[in-house]
């Protein structure tokens, strides 16, 4: 499924670098999400945006900074990350129907490694 | 608070055998329930969902799941597994009028020829 595209697919960075992850959805959805997926842990919701407005920040450290310029694009700006931030970062989108009954569609993720 | 438990971390089956993956949830009202599958190097793909109505729901790739309120369960089944079904499977629960999904820790399925 190519409805949600994430770039880059892989990223290796040092702890002092600044980089950004990009997500783009072509499904006409209104809500977009960032998740962190670490080995042996449940998927962790990081941020939620609805109609470009942030509606959820799940106690994410400030070294992660999201940006949603429009309903189709979502960025995750990274700076001074820690080794424990190494993970797969997944972007998802959903239609803004009633409740949470609109399934979320996921991208293939960015595999992030912090040196 | 909502929670999801997938008791089986790893399951191995032979190709052609039947499959049942367990999912138990905790939620005070009628939940929205989902099963997703993740192949290596890929994101999560929706297999099926339950919102209301018929408690037996059909999904893609020959999967089905049954909602049992009395047992707080939403187990995923497939009558005959194919080698291409080897992947990680996630159960998730959502609440009415929120954007949040709570995911289980996943069950890794291995299929032997």
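Protein chains in written order, with this note's numbering: chain A, 1 to 115; chain B, 1001 to 1113.
Built from N, CA and C at the ideal position, the CB exists for glycine as well.
Can you look up residue 1060 of chain B in the DSSP assignment and give me helix, strand or coil?
In this structure, residue 1060 of chain B counts as helix in the three-state DSSP scheme.
Counting contacts by CB-CB distance shorter than 8 Å, is residue 1099 of chain B in contact with chain A? Yes, residue 1099 of chain B lies at the interface with chain A (some Cβ there is under 8 Å from its Cβ).
Quick check on residue 63 of chain A: does DSSP put it in helix, strand or coil? Note: residue 63 of chain A maps to coil in three-state DSSP.
How about residue 1090 of chain B: is its C-beta nearer than 8 Å to some C-beta of chain A? So, interface residue.
Per DSSP, residue 94 of chain A is paired with what?
-> Under DSSP, residue 94 of chain A forms a beta bridge with A/31.
*Within the same chain, show all residues whose beta-carbon is closer than 6 Å to that of residue 1062 of chain B, passing over the 5 residues directly before and after it, in chain order.*
The residues are 1078.
**Prompt:** Quick one: is residue 1105 of chain B near chain A, going by C-beta distance under 8 Å?
**Reply:** Yes, residue 1105 of chain B counts as interfacial toward chain A.
* Asked: Closest Cβ-Cβ distance between residue 1049 of chain B and chain A: below 8 Å?
  -> Closer than 8 Å to some Cβ of chain A, the Cβ of residue 1049 of chain B qualifies, so yes.
Could you tell me which residues DSSP puts in a beta bridge with residue 1088 of chain B?
Residue 1088 of chain B has B/1038 and B/1108 as its beta-bridge partners, per DSSP.
*asked:* According to DSSP, is residue 1022 of chain B part of a helix, a strand, or is it coil?
replied: Here residue 1022 of chain B sits in coil by DSSP.
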